[in-house]
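Numbering (the numbering used here), first residue to last: 51 to 271.
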């Protein structure tokens with residue numbers, strides 16, 4: 051397929067692997083060029099085929115996905131790795147990014163969103179599943195190399211955020227949904243949604259996940 055994103059699937063469960071392959075086969079602009087169900091097999095095939103994107107599960111039967119990441123990094127493999135897993139421990143998330151992963155995605159992701167993430171990573175973006183934002187909040191310096199600035203500096207930079215919007219933003223960083231935000235702050239879900247939309251506009255980002263990441267990077271939490 052000309053000009054398609056070449057993808058490698060690394061997943062030991064055949065049913066899941068077939069389902070993901072079917073998703074990409076039916077979507078325009080994606081091409082699954084190889085598959086692997088074990089870690090050592092994945093390393094060999096990745097180095098032989100050099101796919102654009104590798105979708106990598108962490109729980110593999112021989113060596114885990116982190117060891118696969120490390121091996122690919124040591125071999126200078128330029129394929130962009132998206133961790134697609136059910137694992138969500140702080141150690142696994144930190145190590146994945148430190149070993150060069152571009153995205154960390156939990157397996158219950160919406161299929162349309164997975165297509166979007168693959169295309170975004172192919173184009174150079176990084177992506178964090180909203181479900182891991184609370185973990186990112188605890189150790190942001192490990193996941194996003196940065197120079198932290200003070201909370202006062204953040205407030206000065208984004209002085210147009212209201213006090214209520216700051217409260218909502220902190221809950222967004224905690225991974226709360228609009229419904230949960232509304233319940234915690236004793237406001238309507240419609241009002242919570244309006245605050246989130248306003249925050250996204252004021253921080254000049256595309257969605258709530260990017261707003262949370264920006265808040266962390268710039269010292270609001």
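Glycine included, C-beta positions come from ideal geometry on N, C-alpha and C.
Predicted model, so just to flag it, every value in this text is computed and none were measured.
- Going by C-alpha positions, residue 80 is about 40 Å away from residue 211.
- In the displayed model, residue 254 falls within coil according to three-state DSSP, outside both helix and strand.
- Considering only 165, 254, 116, the residue with the shortest C-alpha distance to residue 70 is 165.
- Per DSSP, residue 176 lies in no alpha helix (DSSP H) and is assigned neither H nor E.
- At the C-beta level, residue 107 and residue 82 stay beyond 9 Å of one another.
- Comparing C-alpha distances from residue 151 to each of 171, 183, 66 shows the shortest one belongs to 171.
- Residue 156 is positioned such that its CB atom lies no closer than 9 Å to that of residue 185.
- For residue 246, the number of other beta carbons within 10 angstroms of its own is at least 16, and it is reported as buried.
- Annotation for residue 84: no alpha helix (DSSP H) segment contains it, though the beta strand (DSSP E) segment containing it runs 80-86.
- Beta-carbon to beta-carbon, residue 105 and residue 68 are separated by about 13 Å, too far to satisfy the 8 Å threshold.
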